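There are 6 protein chains.
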Amino acid sequence: MRNIFKIEEVKAHCDVPCGIYDPSTAQIAALSVIRMVDLMEGLDKSDSLGYVNTITRHVKVKEEEAEKVKHEIRIIWGDFIKPPQIEQFPEIHTIVHNIMMLGSHVRQHVSREKSVELLQEVNKFAQIFWQIKGVETKTVKAPYAPNEEVVIPVL
Amino acid sequence: MRNIFKIEEVKAHCDVPCGIYDPSTAQIAALSVIRMVDLMEGLDKSDSLGYVNTITRHVKVKEEEAEKVKHEIRIIWGDFIKPPQIEQFPEIHTIVHNIMMLGSHVRQHVSREKSVELLQEVNKFAQIFWQIKGVETKTVKAPYAPNEEVVIPVL
Amino acid sequence: MRNIFKIEEVKAHCDVPCGIYDPSTAQIAALSVIRMVDLMEGLDKSDSLGYVNTITRHVKVKEEEAEKVKHEIRIIWGDFIKPPQIEQFPEIHTIVHNIMMLGSHVRQHVSREKSVELLQEVNKFAQIFWQIKGVETKTVKAPYAPNEEVVIPVL
Amino acid sequence: MRNIFKIEEVKAHCDVPCGIYDPSTAQIAALSVIRMVDLMEGLDKSDSLGYVNTITRHVKVKEEEAEKVKHEIRIIWGDFIKPPQIEQFPEIHTIVHNIMMLGSHVRQHVSREKSVELLQEVNKFAQIFWQIKGVETKTVKAPYAPNEEVVIPVL
Amino acid sequence: MRNIFKIEEVKAHCDVPCGIYDPSTAQIAALSVIRMVDLMEGLDKSDSLGYVNTITRHVKVKEEEAEKVKHEIRIIWGDFIKPPQIEQFPEIHTIVHNIMMLGSHVRQHVSREKSVELLQEVNKFAQIFWQIKGVETKTVKAPYAPNEEVVIPVL
Amino acid sequence: MRNIFKIEEVKAHCDVPCGIYDPSTAQIAALSVIRMVDLMEGLDKSDSLGYVNTITRHVKVKEEEAEKVKHEIRIIWGDFIKPPQIEQFPEIHTIVHNIMMLGSHVRQHVSREKSVELLQEVNKFAQIFWQIKGVETKTVKAPYAPNEEVVIPVL
């Protein structure tokens, strides 16, 4: 594949709009997927209207948040990650593709295990992202349920 | 005005979905508004297609980000802030209303001053939000342009 | 809280776009929420595909209409209601916040009582809106199910 | 063309969801298109950022409101108007098609004349709609700029 | 009804944007509706979370695809079909209206029969569309489930 | 990177929903981007309202169509392309990433050359897609402006 972006390589990730890329939106969305799974699994099954209403809404939010993970990561991957960064982090395509597959998997199923894997892949992506930006990171527990670990910049 | 939410008061902000509220999305959006203003003011005026294309896109992104600020804050205010919190922080309604007015102002104009004010009001809201959650905060410079100060939780 | 909109106060609600504010959209949406609750409660519970299809769609429409109520009221409150109007109608913040809380409640539950309360709060808001515009109002039954009372301008 | 909806004919416009059809949303949107044209024509041409920002936003709102007219009318036409009503009002297809063509025209141009024609066609549709519902109508001036005439039900 | 588009008649379907109209998007969406019905009918009924998750998603996709059929056809009908084409194909209004009614029917029910009828009406529309463009058509089986017949241009 | 989808590998691209993947939507969108560039470059520059209205709309359509290209390709790549296909077509990640970069480039600029490159990359993707499905392809001129070549299945 010939390199179609030779010119951009020099200035790297600085196109207009250089934009404000921040993986935290995708991380919050991945946490929300896990949270929805937890809530769905905690519900007493019933055929009452209240149950049907709640479960339908949880599925919908899970859908939206998983889609948001995929959309946000696609934007950063497509706009911020350029050939020089790919050379530096050749695993980035696989991580992003994993996020896409996991994002679909957690929409299609109600799986805590795969939802946590989704968050973990997003954290790997965030780790690389901040490394490219030259910002140190640390791993902390999210300050709200499901309190899973997220990689955040040290500011 | 009678209190229509007497029952909820006891368990406060714990409705299903308790949700994952995080003012960072609104803060990132407010930073993006400032960034768009900076980019718009830095452009050489011209009637070239490139200029028209760029300026139109900047206006659109500014619109969307300002709307996102308003939408995100409205959700947290409407779903997380309940009567007990209002009693504790009676200024919350005015802060939120200011955010709505400023959010419209920065859509209608290209004003760095008002965009920064918008971010400041969102920071005030974030400050109160984390205080309610019992999480300490600090003020840091955002790790990307426009590098304005944001209030974040100490995790 | 300092007044951040001193200049606008003089010309009040006349920014470009002065816009065409009309609470009727929010009122129609609130009626639709009640209608959905009525339809949901009237369904024979079953596990047939037809039932599942219908109930899922009703939940979705209820979600969308409740969200529309909140969005439309937020717009009028944020863009049309300025400090002079707040001074004149100091209860407006509480009415709007009630609409936000009730709007979430009727999404989270299937409750005719709360849906009617939502419409009533929206009617209060409409009453104040038309009073600000100097237009008289009357209370009429909506010309379609659920035929609840709505406050409309006398034209 | 064979009649594919023989069964529905008996109960006519009463499918679930019978829904809450109200042409007022389309009428408000048509008024908004006229309003945008008026605002656009009233602007002093300039190359200032403020002008570019405003004109871009006006085009966008005009787009959205014209689209809303088309979408709302399509819904009522497709869901509420059934073969018996078409027999009674054979001109309905032409009115709806005119609304579609005019809706596109006012998006593609800045034309007060065509925008008013759009509103007039929507009023014709509203007139027929309320006649089908057995509700009398009257023609009044809208209570906000552009103060054009709209057909409303007598409630 | 007077002819409101006398001037356009001469140049027919060549307004800016003449656009790129292609009924294939509506045809793919109609195929997707049939596919969803097939998948829904093939599921083992159960009250497990997995089933609820799947069935809710299928209903949602069916909704969206049926809506897409209606939206895409409305655009081509409103923007591409002008009075001269209506004179040539006077049945076009009825076909489009049938698509609207069938599009709502397949949202409201889980019906393979009606979903296939929807595709057939969309095929009729595609047939006329390509005839207007002067492009020959043929009928082929879609290269993916549900493998129903679609009318495509001979290119 | 460990293989997180070992189980799926056996049944490959057959998850529910196996879905109806068709790259034609992305191809039509890529053609639309080229068309918009052609229309924009053909306009007489002016400061008239008509010009501003048209150019703003063209930028918006170009944005939307370029986004649609990226979104549609991301879906097929994420849901249909699984590890076995990646092994067979190891260049797929680079093609998809190129589409993302080119999709952003044609939003940020008005460039016929890059728009055509975008279509070409989408054609490469379509070529691989149909090869995986075991369907032969041919290259034809699109039956509408801009009449560029597209890879389509032989049906």
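Protein chains in written order, with the numbering used here: chain A, 866 to 1020; chain B, 866 to 1020; chain C, 866 to 1020; chain D, 866 to 1020; chain E, 866 to 1020; chain F, 866 to 1020. All C-beta atoms in this analysis are idealised placements derived from N, C-alpha and C, irrespective of residue type, glycine included. All values reported here derive from a predicted model rather than from experimental measurement.
Secondary-structure assignment with DSSP links P1018(A) through a beta bridge to T1002(A). A distance below 6 Å between beta-carbons, with the five flanking residues on each side excluded, links V971(A) to the following residues of its chain, in chain order: V898, A931, K979, S980, L983. The alpha-carbon separation between N963(A) and L904(F) amounts to approximately 39 Å. Within the segment 911-925 of chain B, no residue has its Cβ closer than 8 Å to any Cβ of chain C. The Cβ of S980(B) sits no closer than 8 Å to any Cβ of chain C. Taking a cut-off of 8 Å for Cβ pairs, the segment 983-994 of chain E and the segment 903-921 of chain E do not touch, as fewer than three such pairs fall below it.
Segment contact: the segment 885-895 of chain A against the segment 1006-1018 of chain B, three or more CB-CB distances shorter than 8 Å; contact assigned. In this structure, T921(B) sits near T921(D), with a CB-CB distance shorter than 8 Å.
Neighbours of H974(D) in chain F, taken as residues whose beta carbon is under 8 Å from its own, are G915, N918 in chain order.
Every alpha helix (DSSP H) stretch that sits fully inside the segment 909-985 of chain B and reaches 4 residues is listed by chain position as 914-944, 948-953, 957-973.
In summary, E937(C) is buried, with 16 or more beta-carbon neighbours lying within 10 Å of its beta-carbon over all protein chains present.
Using a CB distance cut-off of 8 Å, V934(A) does not count as an interface residue toward chain B.
DSSP places G907(C) inside the alpha helix (DSSP H), whose first and last residues are 889-907.
For E1014(B), there are no C-beta contacts with chain D under 7 Å, since the nearest C-beta of that chain is about 25 Å from it. The beta carbon of D887(D) does not come within 8 Å of any beta carbon belonging to chain E, so the residue lies off that interface. Straight across, the Cα-Cα distance linking G968(D) with I1017(C) is about 28 Å. The beta carbon of V961(B) is closer than 8 Å to those of I938, R939, W942, F990 in its chain, skipping five residues each way along the sequence.
Close partners of E928(F) in chain B (Cβ separation under 8 Å): R922, K925. Residue nearest to E906(F) within the set S976(F), Q992(F), E1013(F) is S976(F) (criterion: CA-CA distance). Nearest Cα to M901(E) within the set H923(E), I993(E), T1002(E), D944(E): H923(E). In this structure, DSSP gives A1007(B) a state outside helix and strand, which the three-state scheme calls coil.
When Cβ-Cβ separations below 8 Å define contact, K989(D) makes no contact with chain C.
Looking at the backbone, the Cα of I893(B) and that of I951(E) are separated by about 51 Å. Close CB contacts of F994(B) within its chain, under the 8 Å cut and outside five residues either way in sequence, are with Y886, P888, I941, F945 (chain order). Judged by DSSP in its simplified three-state form, I997(C) adopts helix. Residue state for N988(B) is assigned as helix, using DSSP reduced to three classes. Each of Q996(C), Q992(C), A895(C) was checked against the Cα of K927(C), and the nearest Cα belongs to A895(C). Contact annotation, T1002(B) with V1019(B): C-beta distance approximately 6 Å; criterion of less than 8 Å satisfied. In the assembly as shown, K910(A) is an exposed residue. Its beta-carbon has fewer than 16 other beta-carbons within 10 Å. With a threshold of 16 other beta carbon atoms within 10 Å, Q973(D) meets it and is buried. For G943(C), the nearest CB of chain B lies under 8 Å from its own CB, placing it at the interface with that chain. For M901(A), the closest Cβ of chain E is not nearer than 8 Å. Within chain E, no residue has its beta carbon less than 7 Å from that of P955(F); the closest one is some 25 Å off. Close partners of R939(F) in chain A (Cβ separation under 9 Å): K935, H936, R939, G943, M965. Taking a beta-carbon distance threshold of 8 Å, S897(F) counts as an interface residue toward chain E. Minimum Cα-Cα distance from Q996(E) among the listed residues K935(E), Q953(E), L908(E) corresponds to Q953(E).
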